[in-house]
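Chains Y and U supply the protein sequences, listed in that same order. Per the working numbering, the very first residue in the first sequence carries number 263; after that it's consecutive. Per the working numbering, the very first residue in the second sequence carries number 263; after that it's consecutive.
Protein chains: 2
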Amino acid sequence: MTQLLDVRKMNILRAIIDDYILTAAPVGSRTLSKRDDIELSPATIRNEMSDLTELGFLEQPHTSAGRVPSEKAYRLYVNNIMDRAHITDDEAEYIRRHLEQRVSEVGDVIKETARMLSGITNYTSVVQSPHLRNARLKHISLIPVSEGSALAVVVTNSGATNSTMLKVPKGITAQDLEKISKLMNERMIGYRLTDVHKTLLPLLREEIGEQADTVAEMLGSLDKDLGKQSVEVVGASKMLDFPEYSDVAKAKSFLSEIERGEMLSEVLSENEGVEISVRIGNENDNPELKDCSVVTVSYRVGGEQVGSMGVIGPTRMDYGKVVAVLRCMSESLGKVLSSMLGSGSENNNDQ
Amino acid sequence: MTQLLDVRKMNILRAIIDDYILTAAPVGSRTLSKRDDIELSPATIRNEMSDLTELGFLEQPHTSAGRVPSEKAYRLYVNNIMDRAHITDDEAEYIRRHLEQRVSEVGDVIKETARMLSGITNYTSVVQSPHLRNARLKHISLIPVSEGSALAVVVTNSGATNSTMLKVPKGITAQDLEKISKLMNERMIGYRLTDVHKTLLPLLREEIGEQADTVAEMLGSLDKDLGKQSVEVVGASKMLDFPEYSDVAKAKSFLSEIERGEMLSEVLSENEGVEISVRIGNENDNPELKDCSVVTVSYRVGGEQVGSMGVIGPTRMDYGKVVAVLRCMSESLGKVLSSMLGSGSENNNDQ
DNA sequence: TGTTAGCACTCATCCCTTTCGAGTGCTAAC
DNA sequence: GTTAGCACTCGAAAGGGATGAGTGCTAACA
């Protein structure tokens, strides 16, 4: 498929895309022939453009307008043409530095990542907090809050903490809770929460005694709760900077959808297992994103993929830069989280 | 000041405001004379409108347009004219019901409140989480997380829970932490955090021994952290529904400001001590809000004002409905929080 | 055979004018 | 004090060139 296009066509296509990314205006043959990297007359270029249009890489808003890249063109561009190293060492250094200053809490790091991501790219950024599914228990506290409810605080080996309100059966007293949490701390530390729930709990049943059902229920709801990954969105309003969204109705429907939030976690969870993913226009499932491109990247802590982040922008986004920035951010975030969370990486490897 | 306007002028002004709130279009004399509640000819109305314009209650976009209410008019309307009981018992019941279903966590209740508030009014809603400044300690856990950091989990008598990452001096071991938290639980329960920090700590110093400084520092940073009130915003994009924001640049600058978030906490903390506050157009400090009105209301748990919420909309917002809804929401939220948090109200009163 | 100049043609955009109508203010009559 | 009548204002919408960026095609050139 690559060889469908000769070098010259490739160059012209790249030039058109580069130009269009910058200006959002249809690109004409004269404009192109003025560029230094293309030494052809407008007429020749027109012939090539005509071919490219026929091949589906270019589109014409109307007869007497310039050409606009099609989604197929962006796809080709992303796969084969763009130069990825659009990010300087300085910028990379800046990202790392800036992230490492925020040493306090995971949530803050995620927020800061989202802010930087949107700040550097000038698109909407989306960053998912790391999931704890495979984290190992380090400490559990059950703190009585009121009749019928207790707060479960879980610290994992990755240093992440999570507190969840649990319902507690009527009969259970504060002493019971203390007993249970003591037992849990003695026996369950070092296991994955899912392991505890599925594997270990049955073995421990007799030892726990009459409260076994309570514990099981608590673990179940904990399990569910730890699976939830929050999502930080920054710069949604930046979409209004682009002429693509100069129509208020369009802007509104996009922003509402972002605000609802459901789309976002879908978008981020779609690329499990993949390192980096670029979805262009209609490649997105969500119809609200059909004029957008979404670039997502997963990040790892201690070798394990624990979350992802991404950028949402118009289809004519600066893919090269975005991909480079995301690569860098993913790496930095991974490092920062790993180091922040201390022992995380070592303990995670022994199965 | 009220008596500057006779009954007829008042009626006309109210009619104009009502109409303008609905349509956002300048109101003319003919339109008014067609209304059932005004039995005057257009010419007569024109005379009155001319007077009202001279008095500063109406403005004319241009000579041959209808009249638009001025901010002064809205002020008068809010203070003297509007009928407040714009909300039916059914709606009030709906609000209460809907909130009470969300019994799990304070954060969820706040989110749901914000969602409903924006849903019912169709404006942007802003809801602050309750502050814990005067809450009394019920339980403290210090959980070692990694070298140099520990998680402090505080449960207050109001049932609110809050966890904060604390820096811990190098020398402190897990055992130390346990000892400290045990001591704190024994001696500090029932006090306000600020009391503990300022009053009780000095008295306890010797008893705590060498870790006193550590405890002091921890309490200090806890204190600061518990003072933070998060803010939930829902429906910011709804502003785009209004013709006032059909200009994308204007919409963008408004949304960016909302997204930055700082303005919001300012707006909400301005009305401490006041029950309900209406700020119209330029009455707002923030220039970004000069075309908006902000209605805020505080809410109480156990007799004490612990937070506030509000609605942001165009100056021609439906003040009557908004005020009524906010009143109801404030009451419901207070009740739900009080009941949710169990013992909250009783214990809060004994000084 | 590939490249280029020339030319007729298309069509969105800009600007100007005209028309339309909602709304006003004033005056005179009731 | 209220109202009908009327001239006047002015924004919004509709129409109509002119402009110019851009195309496709053809024929000539290297």
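C-beta atoms are modelled at their ideal positions from N, C-alpha and C, and glycine is treated no differently. Predicted, not measured: the structure shown is a model, and the values here were computed from it.
Starting from residue i, find everything on chain U with Cβ-Cβ shorter than 7 Å and list it in chain order.
| i | result |
| --- | --- |
| residue 367 of chain Y | 427 |
| residue 417 of chain Y | 405, 407 and 413 |
| residue 478 of chain Y | Result: empty, since nearest Cβ-Cβ is about 19 Å, beyond 7 Å. |
Are the C-beta of residue i and some C-beta of chain Y separated by less than 8 Å?
| i | result |
| --- | --- |
| residue 287 of chain U | no |
| residue 340 of chain U | no |
| residue 333 of chain U | no |
| residue 597 of chain U | no |
| residue 474 of chain U | no |
| residue 573 of chain U | no |
| residue 508 of chain U | yes |
| residue 460 of chain U | no |
| residue 486 of chain U | no |
| residue 397 of chain U | no |
| residue 552 of chain U | no |
| residue 305 of chain U | no |
| residue 354 of chain U | no |
| residue 296 of chain U | no |
By the criterion of Cβ-Cβ separation under 8 Å, what are the contact partners of residue i in chain Y?
| i | result |
| --- | --- |
| residue 517 of chain U | 498, 499, 502 and 517 |
| residue 521 of chain U | 496, 497, 498 and 499 |
Applying the 10 Å Cβ sphere with the 16-neighbour rule, what's the burial state of residue i?
| i | result |
| --- | --- |
| residue 284 of chain U | exposed |
| residue 618 of chain U | Outside the displayed span of chain U (263 to 613) sits residue 618 of chain U, for which this structure offers no information. |
| residue 326 of chain U | exposed |
| residue 305 of chain Y | exposed |
| residue 389 of chain Y | buried |
| residue 417 of chain Y | buried |
| residue 401 of chain U | buried |
| residue 406 of chain U | buried |
| residue 324 of chain U | exposed |
| residue 500 of chain Y | buried |
| residue 564 of chain U | buried |
| residue 386 of chain U | buried |
| residue 275 of chain Y | buried |
| residue 611 of chain Y | In this prediction, residue 611 of chain Y scores a pLDDT of 35, lower than 50, which makes its location untrustworthy; the coordinate-derived value is nonetheless stated afterwards. By the neighbour-count rule (16 or more Cβ atoms within 10 Å), residue 611 of chain Y is not buried but exposed. |
| residue 600 of chain U | buried |
| residue 350 of chain U | exposed |
Thinking C-alpha only, which one of the options is nearest residue i?
| i | options | result |
| --- | --- | --- |
| residue 478 of chain Y | Y:510, Y:327, Y:428 and Y:436 | Y:428 |
| residue 316 of chain Y | Y:300, Y:471 and Y:334 | Y:334 |
| residue 461 of chain Y | Y:471, Y:449 and Y:413 | Y:449 |
| residue 486 of chain Y | Y:433, Y:417 and Y:393 | Y:393 |
| residue 498 of chain U | Y:516, Y:469, Y:349 and Y:299 | Y:516 |
| residue 312 of chain U | U:298, U:331 and U:300 | U:331 |
| residue 398 of chain U | U:432, U:447 and U:355 | U:447 |
| residue 445 of chain U | U:433, U:424 and U:474 | U:474 |
| residue 322 of chain U | U:544, U:476 and U:291 | U:291 |
| residue 457 of chain U | U:288, U:396, U:404 and U:602 | U:396 |
| residue 286 of chain Y | Y:589, Y:579 and Y:590 | Y:579 |
| residue 368 of chain Y | Y:540, Y:423 and Y:340 | Y:423 |
Whose Cβ in chain Y lies nearer than 7 Å to the Cβ of residue i?
| i | result |
| --- | --- |
| residue 432 of chain U | Simply none; closest approach about 14 Å. |
Whose Cβ in chain U lies nearer than 8 Å to the Cβ of residue i?
| i | result |
| --- | --- |
| residue 423 of chain Y | 405, 407, 413, 425 and 427 |
| residue 490 of chain Y | Correct list: empty, because the minimum Cβ distance to chain U is about 12 Å. |
Check the Cβ of residue i against every Cβ in chain Y and list those closer than 9 Å, keeping chain order.
| i | result |
| --- | --- |
| residue 536 of chain U | Per Cβ cutoff of 9 Å: no residues; residue 536 of chain U is ~29 Å from chain Y at best. |
Taking 8 Å as the threshold (beta carbon to beta carbon), is residue i in contact with chain U?
| i | result |
| --- | --- |
| residue 443 of chain Y | no |
| residue 608 of chain Y | Residue placement at residue 608 of chain Y cannot be trusted, given a pLDDT of 40 that sits under 50; what the coordinates show is reported in the next sentence. False, the Cβ-Cβ gap to chain U never drops below 8 Å. |
| residue 393 of chain Y | no |
| residue 401 of chain Y | yes |
| residue 373 of chain Y | no |
| residue 271 of chain Y | no |
| residue 376 of chain Y | no |
| residue 600 of chain Y | no |
| residue 327 of chain Y | no |
Any chance the CB of residue i is under 7 Å from a heavy atom of the ligand HEM?
| i | result |
| --- | --- |
| residue 511 of chain Y | As presented, the structure is devoid of all ligands, the ligand HEM included, so that no description of it is given. |
Is the stretch 327-345 of chain Y in contact with the stretch 267-279 of chain Y, if contact means three or more CB pairs nearer than 8 Å?
Short answer: they touch.
Are the stretch 519-534 of chain U and the stretch 484-501 of chain U in contact at 8 Å, needing three or more beta carbon pairs?
yes
Whether or not the stretch 529-538 of chain U and the stretch 562-578 of chain U are in contact is what I'm after, with contact meaning three or more pairs of Cβ atoms, one per stretch, closer than 8 Å; do they touch?
yes
Taking three-plus beta-carbon pairs below 8 Å as touching, is the stretch 403-416 of chain Y in contact with the stretch 471-489 of chain Y?
yes
Cβ contact (3+ pairs, closer than 8 Å) linking the stretch 580-599 of chain U and the stretch 557-565 of chain U
yes
Is the stretch 360-378 of chain Y in contact with the stretch 589-602 of chain Y, if contact means three or more CB pairs nearer than 8 Å?
yes
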